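S.K.: The numbering of the sequence shown is the working numbering, which starts it at 257 and goes up by one.
Quick reminder that beta carbons are idealized off the backbone N, C-alpha and C, glycines included.
These numbers come from a predicted model, not from an experiment.
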Amino acid sequence: SICFALTEPSAGSDASAIKTTAVKDGDDYVINGEKVFISGFKVSDYALVVTKATNGEDRHHGFSAFFVETDSPGLVATPLEMLGHWPLGTFMLHFDDVRVPADHLLGELDRAWPAMSEYLMYERLCLSAARTGAAQAALDDSLAYAKTREQFGRPIGKFQAVSHKLADMQLQVHLSRLLLQWYTWKFECGTNTRSDAAMLKLYSCEMYKEVADLGLQVLGGYGYSMEYDLQRHYREARLGVIGAGTSEVQRNIIAKALGL
257 SICFALTEPS AGSDASAIKT TAVKDGDDYV INGEKVFISG FKVSDYALVV TKATNGEDRH
317 HGFSAFFVET DSPGLVATPL EMLGHWPLGT FMLHFDDVRV PADHLLGELD RAWPAMSEYL
377 MYERLCLSAA RTGAAQAALD DSLAYAKTRE QFGRPIGKFQ AVSHKLADMQ LQVHLSRLLL
437 QWYTWKFECG TNTRSDAAML KLYSCEMYKE VADLGLQVLG GYGYSMEYDL QRHYREARLG
497 VIGAGTSEVQ RNIIAKALGL
């Protein structure tokens with residue numbers, strides 16, 4: 257299994273600003289630097305580490321990607337306490353003269369940026385599918401609760417204030433699923449664009465956040481309780497509009513495609 261190590265303390269939305277270096281030394285490359293907010297390190301055999309191997313000709317040149325074994329000498333992983341994303345964990349990685357065989361270079365030296373951009377589109381597809389499925393789970397839990405929880409002598413789902421929330425949740429999940437199917441079709445045909453991926457990621461993640469919030473409101477006090485899953489959806493959904501490109505970044509990509 258592999259985790260992806262791109263983000264750094266000084267390089268978040270501006271991924272081209274990374275400072276981790278890889279210097280050739282004999283048959284190896286020596287990696288130094290830091291990565292942060294790395295998901296799944298504890299369950300991975302390798303980290304795909306993006307470095308600045310040389311001084312680039314421009315801000316998108318000079319990037320390389322290496323498969324680094326997670327138990328490599330000089331690689332220290334520190335777990336970070338986060339609001340959510342607990343099963344996979346989130347880590348800070350410190351590289352101190354970590355030696356990597358030259359044949360662990362993925363693709364061409366200094367030319368990882370185009371492939372990395374392609375990967376980010378695929379990542380946004382996967383994350384959007386996960387958010388859409390999670391939103392469906394939040395809707396299912398909320399609907400089941402609304403059908404069984406009674407107040408004033410009848411199930412709370414019979415009250416318009418509650419039923420309209422559930423109707424809005426159903427609409428948003430359904431639209432996200434349709435958008436996901438549309439993008440997956442374009443991805444399979446090879447006609448997908450960065451703007452397409454941005455629209456999918458933006459909508460599905462904002463949708464999950466809204467659905468989780470509405471679902472928690474349907475459950476009321478129980479939604480705020482750690483005994484019910486809605487609190488987890490509420491926490492996890494917040495990550496979606498930050499990780500793998502913030503909602504603001506997705507809007508920038510869409511606006512650029514419009515010629516703005």
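1. Among the residues of its own chain, which have a CB less than 8 Å from the CB of L248, if the five just before and after it don't count?
2. Which full runs of the alpha helix (DSSP H) of 4+ residues lie inside the stretch 360-421, going along the chain?
3. Whole angstroms is fine: what's the gap from P370's alpha carbon to A385's?
4. Report, in whole angstroms, the separation of the C-beta atoms of D283 and A358, which I expect to be a contact under 8 Å.
5. Judging by CA-CA distance, which residue of S398, F319 and R387 is the nearest neighbour of L365?
6. Which stretch, first to last residue, makes up the beta strand (DSSP E) that contains E325?
7. Can you give me the start and stop residues for the beta strand (DSSP E) that G471 sits inside?
8. Output yes or no for whether 9 Å exceeds the beta carbon distance between T276 and T307.
9. Relative to the C-alpha of A271, which residue among L472, L436 and M372 is closest?
10. Are the CB atoms of Q506 and K457 within a distance shorter than 9 Å?
11. How many Å lie between L516 and Q407 at the Cα?
12. Counting Cβ pairs, one atom from each stretch, are 3 or more of them under 8 Å apart for the stretch 421-434 and the stretch 391-409?
13. Nearest-angstrom Cα distance between L349 and H341?
14. Between the C-alpha atoms of V518 and L436, what's the straight-line distance to the nearest angstrom?
15. So, helix, strand or coil for M348, using DSSP?
16. With contact counted as at least three CB pairs below 8 Å, one residue from each stretch, are the stretch 320-332 and the stretch 284-300 in contact?
17. Can you find the residues in the same chain that come closer than 7 Å, C-beta to C-beta, to L470, ignoring five residues on each side of it along the sequence?
18. Counting along the chain, where does the alpha helix (DSSP H) carrying A513 start and finish?
19. Return yes when the Cβ of V356 is within less than 9 Å of the Cβ of V324, no when it is not.
M.R.: Taking the structure as given:
1. Outside the shown range of the chain (257 to 516) lies residue 248, about which nothing can therefore be said.
2. Counting only runs of 4 or more, we get 369-404.
3. C-alpha of P370 to C-alpha of A385: approximately 23 Å in a straight line.
4. Contact holds; Cβ gap of about 6 Å.
5. In terms of CA proximity to L365, F319 leads the group S398, F319 and R387.
6. First-last of the beta strand (DSSP E) with E325: F319 to E325.
7. Not the beta strand (DSSP E): G471 falls in the alpha helix (DSSP H), residues R450 to L475.
8. Result yes, Cβ atoms of T276 and T307 sit closer than 9 Å.
9. The shortest C-alpha to C-alpha distance from A271 to any of L472, L436 and M372 is the one to M372.
10. Yes.
11. Near 52 Å, if we compare the C-alpha coordinates of Q407 and L516.
12. Verdict: yes, contact present.
13. Taking the straight line from one Cα to the other gives about 17 Å.
14. The structure shown has nothing for residue 518, since the chain only spans 257 to 516.
15. Strand, per DSSP.
16. Yes, they touch.
17. Correct list, in chain order: K421, D424 and M425.
18. In this chain, the alpha helix (DSSP H) harbouring A513 covers S503 to A513.
19. Result yes, Cβ atoms of V324 and V356 sit closer than 9 Å.
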